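Enquirer:
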Amino acid sequence: MQKKPQINKTVLKTLSKKTVLPILELKNEVRRVISNDFDTSSQKQEYAVSRSIKNLVESGMVEILKSDNQDYVRMTQEGRNKLHSITLEAEGALVSTTWDGFWRIILIDIPEERKSEREAVRYLLKKAGFVCLKNSAWISPFPYEHLFTNIKKDLGFTSEMIIFVTDKVDEETKKSLFELFGK
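Okay, so the sequence shown: first residue is 4 according to my numbering, each after it adds one.
1. Who are the near neighbours of residue 38 in its chain, counting only those whose CB is closer than 8 Å to its CB and skipping five residues on each side?
2. Smallest Cα separation from residue 22: which of 184, 83, 170?
3. At the level of alpha carbons, what is the spacing between residue 127 and residue 150?
4. Could you check where the alpha helix (DSSP H) with residue 38 kicks off and where it finishes?
5. So which of 57, 13, 58 has the shortest CA-CA distance to residue 36?
6. In whole angstroms, what separates the C-alpha of residue 51 from that of residue 10?
7. Could you give the C-beta distance for residue 66 and residue 77, rounded to a whole number, given that I count them as a contact under 8 Å?
8. Is residue 168 helix, strand or coil by DSSP?
Dropping the structure here:
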């Protein structure tokens, strides 16, 4: 039987594909995805999916939008942050650990009033194997630049986050980075 966190992940991944979904369509899609792993009656599946959505609403990951005809579900910013974290933790999410010759450098300058988002970005950088060089400068040999480009777009960081991909690093720095990353 699939566990609740797995259903939560399935709900978030399903919601990530569209801006908003009718709640019935979301439930049907999640049940379709989990049906192979969830060996119980469809009534129990329905309950598990409904409970998962309720828990995600209570934790602030998704929100219900009510209309006259039907209710809709939308992922919140907190839900997007959680989904990015899930993406980094997933077994299949590991990127190539063979160095391709490029360094990924991310500069962040997120204001104090957006502290929770700043902390979330730092957490994700650490999870992705980035190392803090100086206060707000992070570096990694791993190709996560596309993930962080999406995070930058999702959080609306136009000038608060700058992403560089380069093969140009001075020899002394390169030597210490190789030691740091075990390359």
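Ideal Cβ positions, reconstructed from N, Cα and C, are used throughout, including at glycine.
What you are looking at is a predicted structure, and each value in this text was computed from that prediction instead of being measured.
Expert: On the basis of the supplied data:
1. The residues are 48.
2. Each of 184, 83, 170 was checked against the Cα of residue 22, and the nearest Cα belongs to 83.
3. Near 10 Å, if we compare the C-alpha coordinates of residue 150 and residue 127.
4. DSSP places residue 38 in no alpha helix (DSSP H); its state is neither H nor E.
5. The closest CA to that of residue 36, considering only 57, 13, 58, is found on 13.
6. In this structure, the alpha-carbon of residue 51 lies about 8 Å from that of residue 10.
7. Going by Cβ atoms, the distance from residue 66 to residue 77 rounds to 6 Å, so yes, they are a contact pair.
8. Residue state for residue 168 is assigned as strand, using DSSP reduced to three classes.
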